Amino acid sequence: MVSGSGVLNNLIDNLPFELHIPGYNYCGPGTKLQKRLARGDKGINKLDEACKNHDIAYWLHKDITNRNLADSKLAEIAHNRWNTSFTKRKLPKKTVNISDTSIDILITNTIRVTCNLIEGWYVNNVAARVIREFSPNVPPDISEKVNYDDSIESIEVHSYYPFNDNFKNNDEIRISIHQQDLIVLPCQSSIYVEGTIEKDANFVNNGPTYLFQDLRYELNGMEIDRSKNCGITSAMKGYVSYNEGMVKGLKSFGWYNDTVKDIEDEFGLNIPLSHLLGFAEDYKKVTLNMN
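If you're matching positions, the sequence shown starts at 1 in full-length UniProt numbering and goes up one per residue.
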């Protein structure tokens with residue numbers, strides 16, 4: 001240490017230029033006090049004038065008592081200047097403060113706001129920084145479960161036709177849906193069959209399903225469900241699972257319906273997909289964005 005001052009102070013004092021706040025004459029370390037006093041430089045404001053008096057006190061007094069007194073006076077003036085630079089006001093009630101960062105208030109019952117404020121007060125002549133926390137009142141039911149109305153407003157029936165028009169034995173019939181913006185409900189989907197009887201014929205129970213040997217249901221090219229020998233498998237499933245009410249609803253395609261046994265000329269039957277595939281019977285949800 002150099003006698004009378006620290007190494008850092010001695011280094012600052014011997015710099016060829018002044019090291020202080022730009023625009024001020026005396027505020028900051030490294031001020032050439034004697035040269036400025038000889039030129040008659042004055043403080044540009046009360047704070048700069050206080051810094052001038054502080055430097056003069058340090059120049060005239062080497063004891064710690066007088067220097068501490070000078071520090072206290074400078075701190076008081078700086079504190080008052082800081083407070084007077086703000087307009088003191090009280091925020092009105094129900095003031096809304098909008099933040100750029102969004103928060104999810106549905107998962108918490110308390111919102112805490114932490115502010116880093118410089119209040120301009122000093123501890124042992126050192127500027128102190130204060131952390132303030134605000135916990136506004138939140139309604140007690142804010143964490144309750146939100147009820148969304150996801151009920152179906154309406155159902156539309158869309159018709160899709162197979163690619164080929166010629167249906168013979170062992171021909172593949174492919175029905176594709178490429179509209180990915182549609183919300184499809186497989187459990188309410190059906191296959192509508194139209195045909196012409198060229199000679200006298202009688203439909204047995206579950207007769208129209210025997211027209212299909214193999215049935216596949218695919219989503220995005222992946223097989224979801226398959227049924228072989230559709231007439232036999234759907235009949236076995238129906239015998240063990242359908243109740244009286246369901247049987248009445250299935251008469252439209254020939255399940256225990258005597259009116260479709262003797263058919264002449266043209267006919268049209270609507271077969272529910274849930275009757276042919278277990279997937280359509282069990283899965284009661286919709287599919288979206290799928291082919």
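Quick reminder that beta carbons are idealized off the backbone N, C-alpha and C, glycines included.
Because the structure is a prediction, the values reported are computed rather than measured.
Take Phe-253, set aside five residues on each side of it, and the residues of its chain with a beta-carbon closer than 7 Å to its own are Pro-208, Leu-269, Asn-270 and Ile-271, in chain order.
Within the same chain, and ignoring the five residues on either side of Glu-266 in sequence, the residues whose Cβ sits closer than 8 Å to its Cβ are Glu-194, Gly-195, Thr-196 and Ile-197. Rounded to whole angstroms, the gap between the alpha carbons of Leu-288 and Pro-186 is 11 Å. Asn-53 and Ala-75 have their alpha carbons spaced roughly 12 Å apart. Here Tyr-239 has no same chain residue with a Cβ atom under 7 Å from its own Cβ, once five neighbours each way along the sequence are excluded.
Secondary structure note for Ser-274: it is in no beta strand (DSSP E), and the uninterrupted alpha helix (DSSP H) holding it is 273–276. According to the DSSP assignment, Glu-194 belongs to the beta strand (DSSP E) that extends over 190–202. Taking the Cα positions, Phe-167 is about 22 Å away from Val-204. For Lys-168, no alpha helix (DSSP H) run applies, since DSSP gives it neither H nor E. Rounded to the nearest angstrom, the gap between the Cα atoms of Ile-77 and Lys-46 is 8 Å.
The beta carbon of Cys-27 sits closer than 7 Å to those of His-20, Ile-21, Leu-47, Asp-48 and Cys-51, all from its chain and outside the five residues before and after it, given in chain order. Inside the region 209–265, DSSP marks whole alpha helix (DSSP H) runs of 4 or more residues at positions 230–241 and 244–249, from first to last along the chain.
With respect to Leu-273, Ser-189 sits close: the two C-beta atoms are nearer than 7 Å.
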